[in-house]
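Residues in the sequence shown are numbered consecutively from 68, following our numbering.
From the three backbone atoms N, C-alpha and C, an ideal C-beta is built for every residue, glycine too.
First the structure, in the form of structure tokens, and then the observations on it.
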Amino acid sequence: MTSEQAPEASTSGSSVYYSLRGALAGPVAGVCSRFITYPPDTIKARLQIQGASPGGGPARYTGTWNAVVQIARQEGLHGFYRGFGAVALGSVPANMAYFGAYESAKAMVPPGWGMAGDMAVGAAAQLMAGVVFTPIDIVKERLQVAPLMAGAYNYSGPMQAVKELVRVNGPLGLLKGYWATNAVWLPWNILFIAFYEASKRAAAGGGASSSSSSSNVSGSSTGAVGAAAAGEAEVGPEASSSSNSSRSGSGSSSRVGSGELSPVVLALCSAGEFGYDQRAGYSGSASLAGLLTHPADVVKTRLQVLSACAAHARVTAWSLARQMWAQEGARVFMTGVGPRILQLAPGTALSWVIYEPVKRFLAPPEL
């Protein structure tokens, strides 16, 4: 076997390992980030639902800060963490599904696909994880907004909520709103993974240009960009992320310098603060993706919560969106956007800052 063939053989024999490594590293990142960013998520859910709560009357909260003050005064710290038990219990399988699918898709998408490959990776990760995330999302949101629901339901905790969903709608009730959830998170993940990988390429390209002559990467930084797109320098699926530029020569160009982006740079890339990728033409990650998908998130939240009420049991996402437009106007579709960005940007940054190093830690010295 030649030296050029060895990395290729190693790659083909280790795709399952990369998937398992992502599945193990993902839950560690997910639980930590969700605990820290859960309060803004609760505030977001309540702002989104209050215009249609069964109790009627004027909106309880006049804005984000007013919601923070009222929840803190009336419910204490517990109010911000309503439903977190469901997230904590479900975060392990959900993040295993997401990051496992993410790594599997990266290993399977041909390197030359570029930005389209990044989008395919994001779609694959969400479609797999959505099966696990949807029941968690329903339970979480119903518990988060329970004080606004005027007794429409009264769950004592996550397990009772799950039992009630199954009792009323059967086992498939746990997947109610799967496609509504994907209407938010499928485009979000497609955009996020594309922006995230593009931002990492921009970061790696800036750092690689000064050392391109010493690393002999075909006179350019394409090899550096390719390796750092996965946050590390490895030969194999990690080096051939779906967003890689085409390799040069024998493939040794995928090894560059230290080959790793710092945690600070990873955080900026994932939060959407890093900058511009001249080749891809995209900037931003979680913040931009969150802003673009927010209207669908408002509809999704209301659908999953209001479907617990008899009057809305058969409502669809489309009919609900039309009703919202007619009764509350276009501005309702941006309700709670501030808290959602406050949740998504730091939460996503923290997830990936934890995920990438843990993933590297789980790698053997030679693969």
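Item to complete: Can you give me the start and stop residues for the alpha helix (DSSP H) that S329 sits inside?
Response: As a position in the sequence shown, residue 329 is number 262, starting the count at 1. Counting along the chain, S329 falls outside any alpha helix (DSSP H), and DSSP gives it neither H nor E.
Worksheet item: Would you report the Cα separation of I110 and G179, rounded to the nearest angstrom?
Response: As a first step, residue 110 is located in the sequence shown; it is residue number 43 there, counting from the start. As a first step, residue 179 is located in the sequence shown; it is residue number 112 there, counting from the start. Rounded to whole angstroms, I110 to G179 spans 42 Å at the Cα level.
Fill in: Same chain, Cβ closer than 6 Å to N162, neighbours up to 5 away in sequence not counted
As a position in the sequence shown, residue 162 is number 95, starting the count at 1. Residues of the same chain with a CB within less than 6 Å of the CB of N162, apart from the 5 flanking positions on each side, are G93, P94 and G97 in chain order.
Fill in: Local conformation of S277 per DSSP, three classes
Counted from its first residue, the sequence shown places residue 277 at position 210. Its pLDDT being 35, under 50, S277 is placed unreliably in this model, and the value from its coordinates should be taken loosely. Looking at S277 - three-state DSSP - the assignment turns out to be helix.
Item to complete: Would you mind sorting P362 into buried or exposed? The rule is 16 or more other CB atoms within 10 Å of its CB.
Response: In the sequence shown, the residue the question calls residue 362 occupies position 295. Residue environment: P362 is assigned as buried (16 or more neighbouring CB atoms within 10 Å of its CB, all protein chains considered).
Practice prompt. Run the CB neighbour count on P406, radius 10 Å, all protein chains shown included, and call it buried at 16 or more, exposed below.
Written response: Counted from its first residue, the sequence shown places residue 406 at position 339. With 16 or more other Cβ atoms within 10 Å, it is buried.
Worksheet item: Quick one: what's got a C-beta closer than 8 Å to G197's C-beta in the same chain, skipping five residues either side?
Response: Along the sequence shown, one-based indexing puts residue 197 at 130. Once the five neighbours on either side are set aside, the close Cβ partners of G197 are Y245, T248, N249, W252 and L253.
Worksheet item: The alpha helix (DSSP H) with W385 in it runs from where to where?
Response: For the purposes of this step, residue 385 is taken as residue 318 along the sequence shown, with counting starting at 1. Run containing W385: A384 to E395, per the alpha helix (DSSP H) assignment.
Practice prompt. Look up T109 in the DSSP assignment and say whether it is helix, strand or coil.
Written response: Numbered from 1 along the sequence shown, position 42 holds the residue referred to as residue 109. Collapsing the DSSP output to three states places T109 in a helix.
Fill in: Where Y245 sits in the DSSP three-state scheme
Indexing the sequence shown from 1 puts residue 245 at position 178. Assigned with DSSP and collapsed to three states, Y245 falls in helix.
Worksheet entry | Distance, A261 Cα to A334 Cα | In the sequence shown, counting from the first residue as 1, residue 334 sits at position 267. In the sequence shown, counting from the first residue as 1, residue 261 sits at position 194. Spanning the two alpha carbons is a distance of roughly 15 Å.
Item to complete: Can you tell me the Cβ-Cβ gap for P121 and A217, rounded? I've got them flagged as a contact below 8 Å.
Response: Translated into the one-based positions of the sequence shown, residue 121 becomes position 54. Translated into the one-based positions of the sequence shown, residue 217 becomes position 150. The Cβ separation is near 5 Å, so the contact holds.
Fill in: Boundaries of the alpha helix (DSSP H) in which W180 is found, first to last residue
Residue 180 sits at position 113 when you count from the first residue of the sequence shown. For W180, no alpha helix (DSSP H) segment is defined, and its DSSP state is neither H nor E.
Practice prompt. Please report how far the alpha carbon of A269 lies from the alpha carbon of G181, in whole angstroms.
Written response: The count along the sequence shown starts at 1 and reaches residue 269 at position 202. The count along the sequence shown starts at 1 and reaches residue 181 at position 114. Approximately 14 Å between the Cα atoms of the pair.
Worksheet item: Would the beta-carbon of N256 fall within 8 Å of that of G189?
Response: Counting from one through the sequence shown, the residue named residue 256 turns up at place 189. Counting from one through the sequence shown, the residue named residue 189 turns up at place 122. Yes.
Worksheet item: With burial defined as no fewer than 16 other Cβ atoms inside 10 Å of the residue's Cβ, what is the status of Q141: buried or exposed?
Response: To locate residue 141, count along the sequence shown from 1; it is residue 74. Of the other Cβ atoms in all chains shown, fewer than 16 fall within 10 Å of the Cβ of Q141; this residue is therefore exposed.
Fill in: Whole-Å CB distance - G236 paired with K243, under 8 Å assumed
Your numbering for residue 236 matches position 169 in the sequence shown. Your numbering for residue 243 matches position 176 in the sequence shown. Note on residue identity: the sequence assigns Asn, not Gly, to residue 236. Contact flag correct, Cβ pair sits at about 6 Å.
Worksheet entry | Proximity below 8 Å, CB of P214 to CB of Q410 | By one-based count along the sequence shown, residue 214 stands at place 147. By one-based count along the sequence shown, residue 410 stands at place 343. Between P214 and Q410, the C-beta spacing is not below 8 Å.
Worksheet entry | Residue environment, V136, which counts as buried when at least 16 other CB atoms sit within 10 Å | Counting from 1 along the sequence shown, the entry for residue 136 is found at position 69. When all chains shown are included, V136 counts as exposed.
Fill in: Beta carbon of K207 nearer than 8 Å to that of A155
The count along the sequence shown starts at 1 and reaches residue 207 at position 140. The count along the sequence shown starts at 1 and reaches residue 155 at position 88. No, these two residues do not count as a Cβ contact at 8 Å.
Item to complete: Assign I138 to one of two classes, buried (16 or more other C-beta atoms within 10 Å of its C-beta) or exposed (fewer than that).
Response: Looking up residue 138 in the sequence shown gives position 71. Residue environment analysis places I138 among the buried positions, since at least 16 neighbouring C-beta atoms fall within 10 angstroms of its C-beta.
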